[in-house]
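Trainee: Here it is: the structure, laid out below.
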Amino acid sequence: MFYHVKDLQFNARVSKPDPAFATLLLEQFGGANGELAAALRYFGQAFGARNPFPDKYDLLMDIATEEFSHLEIVGATIQMLLQGINGDLKKAADESEIMQLLDGKKAKEEFIHKSIVAPQLLVSSGGGPAYTNSQGVPWSAAYINGDCNGDLTVDLRSDMAAEARAKITYEYLLQFTDDPYVKETLNFLMTREVAHFQMFEAALDSIQPNFPPGVLQSDPRYSNLYFNMSSGADIRGAWNEGESSQLGETWQFIEDPVKYVLETNGLLEVEPTGTNRTLEGVDELDRSMSLQRSEEINMAVPIGEQSWSEHSKSDGTSKKTNGKTSHAKKK
Numbered sequence: 112m113f114y115h116v117k118d119l120q121f122n123a124r125v126s127k128p129d130p131a132f133a134t135l136l137l138e139q140f141g142g143a144n145g146e147l148a149a150a151l152r153y154f155g156q157a158f159g160a161r162n163p164f165p166d167k168y169d170l171l172m173d174i175a176t177e178e179f180s181h182l183e184i185v186g187a188t189i190q191m192l193l194q195g196i197n198g199d200l201k202k203a204a205d206e207s208e209i210m211q212l213l214d215g216k217k218a219k220e221e222f223i224h225k226s227i228v229a230p231q232l233l234v235s236s237g238g239g240p241a242y243t244n245s246q247g248v249p250w251s252a253a254y255i256n257g258d259c260n261g262d263l264t265v266d267l268r269s270d271m272a273a274e275a276r277a278k279i280t281y282e283y284l285l286q287f288t289d290d291p292y293v294k295e296t297l298n299f300l301m302t303r304e305v306a307h308f309q310m311f312e313a314a315l316d317s318i319q320p321n322f323p324p325g326v327l328q329s330d331p332r333y334s335n336l337y338f339n340m341s342s343g344a345d346i347r348g349a350w351n352e353g354e355s356s357q358l359g360e361t362w363q364f365i366e367d368p369v370k371y372v373l374e375t376n377g378l379l380e381v382e383p384t385g386t387n388r389t390l391e392g393v394d395e396l397d398r399s400m401s402l403q404r405s406e407e408i409n410m411a412v413p414i415g416e417q418s419w420s421e422h423s424k425s426d427g428t429s430k431k432t433n434g435k436t437s438h439a440k441k442k
């Protein structure tokens, strides 16, 4: 269950109206990398993790709930930045606070021009945030449908990338406001993206093995080949020399890919090189990982009568409050 606390997780403030920046901030309200997308992404991922990974279920639900809290912070900030463009503006434009800041027709026209990218702020939302990005494009589940993959190691990698994108978005937004209070709020939200990235990274590391994602292992004949597919100065680095980061194989730098392909009959006659892995070992791992994954899925969706909330098996009850969990012991 969700329990709403009317106080914000972070006490958002603004020093003055700024409709232009409010329009930009819509990106984090209803945009592809915004807080609504994050909340629903983690919320959707949590369902499949509940039985096979109950600890990750708790993590995903906690962060999803916190992201809803962040959506509330962003929405509240947008609302405050748009003070004067609500009912006050509609019934008494010349007396509203925002119009007192606009001296003359030219200033009003400039204000309209700045806000026209998201015209819903002026004519349809009553001065409140709308579920769109900064260009007025409505929020879409297409932003996140690919992030609920069904394999938690894939989902967690996607989550880390999502937090990185959101962090950069806040970093960009910080450059377009001079309001110290707004900067304070954006800095908090940006910092939480950094915190969530590390949480997801730790959760991924606790699932072993987690590479490669999924069940089937990679073919040792091709997993450490680097094809030099461009002419000119060749750059060598950790991505094409030394050991590979996950499998610990030695990178094989294919200087002339065309010649290599022809000499190996279209790669069909390649033998594993620079690796201890074998085709036989890969087949054995495929079978064992398949059994393990099958057991996880069966745990997630067991056959027979089911109940999601098993209060009789719990030592206590828990309640979500804006991203935090408070536990009350039963007496």
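Residue numbers (my numbering): 112 to 442.
For glycine and all other residues, C-beta sits at the position ideal for the given N, C-alpha and C.
Small disclaimer: the values here were computed from a predicted structure and weren't measured.
1. Are Leu297 and Tyr281 closer than 8 angstroms when you measure CB to CB?
2. Using the DSSP secondary-structure output, state which residues sit across from Tyr292 in a beta bridge.
3. According to the neighbour-count rule (16 or more other Cβ atoms, all chains shown, within 10 Å of its Cβ), is Lys370 buried or exposed?
4. What separation, rounded to the nearest whole angstrom, lies between the Cα atoms of Val326 and Asp290?
5. Since I believe Tyr333 is in contact with Phe364 (beta carbons under 8 angstroms), could you give me their beta-carbon distance rounded to a whole number of angstroms?
6. Between Lys127, Gly239, Phe113, which lies nearest to Thr288 when the distance is taken from Cα to Cα?
7. Use the C-beta contact count for Ala203: other C-beta atoms within 10 angstroms, 16 or more gives buried, fewer gives exposed.
8. To the nearest angstrom, how far is it from the Cα of Leu200 to the Cα of Pro165?
9. Considering only the beta carbon of each residue, do His307 and Ile408 sit closer than 8 angstroms?
10. Between Pro331 and Thr386, how many whole angstroms is the CB-CB distance? I'm expecting something under 8 angstroms.
11. Out of curiosity, what's the CA-to-CA distance linking Ser418 and Glu406?
12. Look at the alpha carbon of Lys435 and the alpha carbon of Met310, and state the distance between them as a whole number of angstroms.
13. What do you reckon, are the CB atoms on Met410 and Pro130 nearer than 8 angstroms?
14. Taking the continuous alpha helix (DSSP H) assigned at Leu171, which residues delimit it?
15. Are Val125 and Tyr292 touching if we call contact CB-CB under 8 angstroms?
16. Going by beta-carbon coordinates alone, are Gly142 and Ser245 separated by less than 8 angstroms?
17. Let me make sure I understand the geometry here. Which of Val116, Arg161, Glu138 has the alpha-carbon closest to that of Glu177?
18. Is Gln139 helix, strand or coil by DSSP?
19. My understanding is that Leu147 touches Phe140, with C-beta atoms under 8 angstroms, so please give their C-beta distance in whole angstroms.
20. Please look up how many angstroms separate the CB atoms of Ala273 and Ala149, rounded, as I've assumed it's under 8 angstroms.
21. Does DSSP classify Leu402 as helix, strand or coil?
22. When the Cα of Val412 is compared with those of Met112, Val248, Gly261, Gly247, which residue comes out closest?
23. Check whether the Cβ atoms of Pro240 and Leu137 sit closer than 8 angstroms, and answer yes or no.
24. How would you label Asn122, buried or exposed, when you count the other beta carbons within 10 angstroms and need 16 or more for buried?
25. How would you label Thr134, buried or exposed, when you count the other beta carbons within 10 angstroms and need 16 or more for buried?
26. Residue range of the alpha helix (DSSP H) that Phe154 falls in?
27. Report yes if the CB atom of Asn321 is closer than 8 angstroms to the CB atom of Glu360, and no otherwise.
28. Classify Asp258: buried if its beta carbon has 16 or more other beta carbons within 10 angstroms, exposed otherwise.
29. Are the CB atoms of Ile255 and Arg152 within a distance shorter than 8 angstroms?
30. For Ala277 versus Glu304, is the C-beta distance shorter than 8 angstroms?
31. Please state whether DSSP places Ile287 in a helix, a strand or coil.
32. Please classify Arg268: is it buried, with 16 or more other beta-carbons within 10 angstroms of its beta-carbon, or exposed?
33. Considering Cα atoms alone, identify which of Leu396, His181, Gly155 is closest to Met301.
34. CB-CB under 6 angstroms to Ile189, same chain, minus the five flanking residues each way: which ones, in chain order?
35. Quick check for students: name the residue ranges of the beta strand (DSSP E) that lie wholly in the stretch 349-398, counting only runs of 3 or more.
36. Using the C-alpha atoms, what's the distance from Leu315 back to Met271?
Mentor: So, from the listed chains and residues:
1. Start at 1 with the first residue of the sequence shown, and residue 297 comes out as number 186. Start at 1 with the first residue of the sequence shown, and residue 281 comes out as number 170. Contact flag set, yes.
2. Here residue 292 refers to the residue found at position 181 of the sequence shown. In the DSSP output, where bridge partners are listed per residue, Tyr292 has none listed.
3. As a position in the sequence shown, residue 370 is number 259, starting the count at 1. By the neighbour-count criterion, in which 16 or more other beta carbons inside 10 Å mark a residue as buried, Lys370 falls on the exposed side.
4. In the sequence shown, the residue the question calls residue 326 occupies position 215. In the sequence shown, the residue the question calls residue 290 occupies position 179. Rounded to the nearest angstrom, the two C-alpha atoms are 50 angstroms apart.
5. Indexing the sequence shown from 1 puts residue 364 at position 253. Indexing the sequence shown from 1 puts residue 333 at position 222. Contact between Phe364 and Tyr333 does not hold, since the beta-carbon distance rounds to 14 angstroms and is not under 8 angstroms.
6. The residue labelled residue 288 in the question sits at position 177 within the sequence shown. That would be Lys127, whose Cα lies nearest to the Cα of Thr288.
7. Locating residue 203 in the sequence shown gives position 92, counting from the first residue. Only weak support is given to the placement of Ala203: the predicted model assigns it a pLDDT of 47, under 50, and the value that follows is read from those uncertain coordinates. Here Ala203 is exposed, its C-beta having fewer than 16 other C-beta atoms within 10 Å.
8. Position 89 of the sequence shown, counted from the first residue, corresponds to residue 200. Position 54 of the sequence shown, counted from the first residue, corresponds to residue 165. With a pLDDT of 49 at Leu200, under the threshold of 50, the modelled position of that residue is not reliable, and no figure is offered here.
9. For the purposes of this step, residue 307 is identified with residue 196 of the sequence shown, where counting begins at 1. For the purposes of this step, residue 408 is identified with residue 297 of the sequence shown, where counting begins at 1. Not a contact, by the Cβ cut-off of 8 angstroms.
10. As a first step, residue 331 is located in the sequence shown; it is residue number 220 there, counting from the start. As a first step, residue 386 is located in the sequence shown; it is residue number 275 there, counting from the start. The pair is a contact, with the Cβ atoms about 5 angstroms apart (cut-off 8 angstroms).
11. Here the question's residue 418 lines up with position 307 in the sequence shown. Here the question's residue 406 lines up with position 295 in the sequence shown. Answer to the nearest angstrom: the Cα atoms are 19 angstroms apart.
12. For the purposes of this step, residue 435 is taken as residue 324 along the sequence shown, with counting starting at 1. For the purposes of this step, residue 310 is taken as residue 199 along the sequence shown, with counting starting at 1. The predicted model places Lys435 with a pLDDT of 40, which falls under 50 and marks its position as unreliable; any figure quoted below should be read in that light. Their backbone Cα atoms lie some 15 angstroms apart in a straight line.
13. The count along the sequence shown starts at 1 and reaches residue 410 at position 299. The count along the sequence shown starts at 1 and reaches residue 130 at position 19. In this structure, Met410 keeps its C-beta atom at 8 angstroms or more from the C-beta atom of Pro130.
14. For the purposes of this step, residue 171 is taken as the residue at position 60 of the sequence shown. From DSSP, the alpha helix (DSSP H) with Leu171 extends over 165-192.
15. Taking the first residue of the sequence shown as position 1, residue 125 is located at position 14. Taking the first residue of the sequence shown as position 1, residue 292 is located at position 181. A distance below 8 angstroms separates the beta carbons of Val125 and Tyr292.
16. Counting from one through the sequence shown, the residue named residue 142 turns up at place 31. Counting from one through the sequence shown, the residue named residue 245 turns up at place 134. When the beta-carbon positions are compared, Gly142 and Ser245 come within less than 8 angstroms of each other.
17. Taking the first residue of the sequence shown as 1, we reach residue 177 at position 66. Of the candidates Val116, Arg161, Glu138, the residue whose Cα lies closest to the Cα of Glu177 is Val116.
18. Numbered from 1 along the sequence shown, position 28 holds the residue referred to as residue 139. Looking at Gln139 - three-state DSSP - the assignment turns out to be helix.
19. One-based indexing of the sequence shown puts residue 147 at position 36. One-based indexing of the sequence shown puts residue 140 at position 29. Indeed, because the Cβ distance is near 7 angstroms, the residues count as touching under 8 angstroms.
20. As a working mapping, residue 273 is identified with position 162 in the sequence shown. As a working mapping, residue 149 is identified with position 38 in the sequence shown. Contact flag correct, Cβ pair sits at about 6 angstroms.
21. The residue labelled residue 402 in the question sits at position 291 within the sequence shown. Three-state result, Leu402: helix.
22. Counting from one through the sequence shown, the residue named residue 412 turns up at place 301. Out of Met112, Val248, Gly261, Gly247, Gly261 has the C-alpha closest to the C-alpha of Val412.
23. To locate residue 240, count along the sequence shown from 1; it is residue 129. To locate residue 137, count along the sequence shown from 1; it is residue 26. Cβ atoms of Pro240 and Leu137: closer than 8 angstroms.
24. Sequence index remark: in the sequence shown, residue 122 carries index 11 (1-based). By the neighbour-count rule (16 or more Cβ atoms within 10 Å), Asn122 is not buried but exposed.
25. As a working mapping, residue 134 is identified with position 23 in the sequence shown. Burial call: buried.
26. Looking up residue 154 in the sequence shown gives position 43. Phe154 -> alpha helix (DSSP H) spans 146-160.
27. By one-based count along the sequence shown, residue 321 stands at place 210. By one-based count along the sequence shown, residue 360 stands at place 249. No, the pair does not count as a contact, with Cβ atoms beyond the cut-off.
28. As a working mapping, residue 258 is identified with position 147 in the sequence shown. Buried: at least 16 other Cβ atoms inside 10 Å.
29. Here residue 152 refers to the residue found at position 41 of the sequence shown. Here residue 255 refers to the residue found at position 144 of the sequence shown. The answer is yes: Cβ separation under 8 angstroms.
30. Reading the sequence shown from its first residue, position 166 is the one you call residue 277. Reading the sequence shown from its first residue, position 193 is the one you call residue 304. Ala277 places its beta carbon less than 8 angstroms from that of Glu304.
31. Working through the sequence shown from its first residue, we reach residue 287 at position 176. Checking the sequence shown, residue 287 turns out to be Phe, not Ile. If DSSP states are grouped into helix, strand and coil, Phe287 belongs with the helices.
32. The sequence position of residue 268 within the sequence shown is 157, counting from 1. Buried, since its Cβ has 16 or more Cβ neighbours within 10 Å.
33. Counting from one through the sequence shown, the residue named residue 301 turns up at place 190. From the listed residues Leu396, His181, Gly155, the smallest Cα separation to Met301 is found for His181.
34. Along the sequence shown, read from residue 1 onward, the residue named residue 189 stands at position 78. Once the five neighbours on either side are set aside, the close Cβ partners of Ile189 are Ala133, Leu136, Pro240.
35. 363-365, all fully within the stretch 349-398.
36. Against the sequence shown, residue 271 aligns to sequence position 160. Against the sequence shown, residue 315 aligns to sequence position 204. Our two residues, Met271 and Leu315, have alpha carbons roughly 10 angstroms apart in a direct line.
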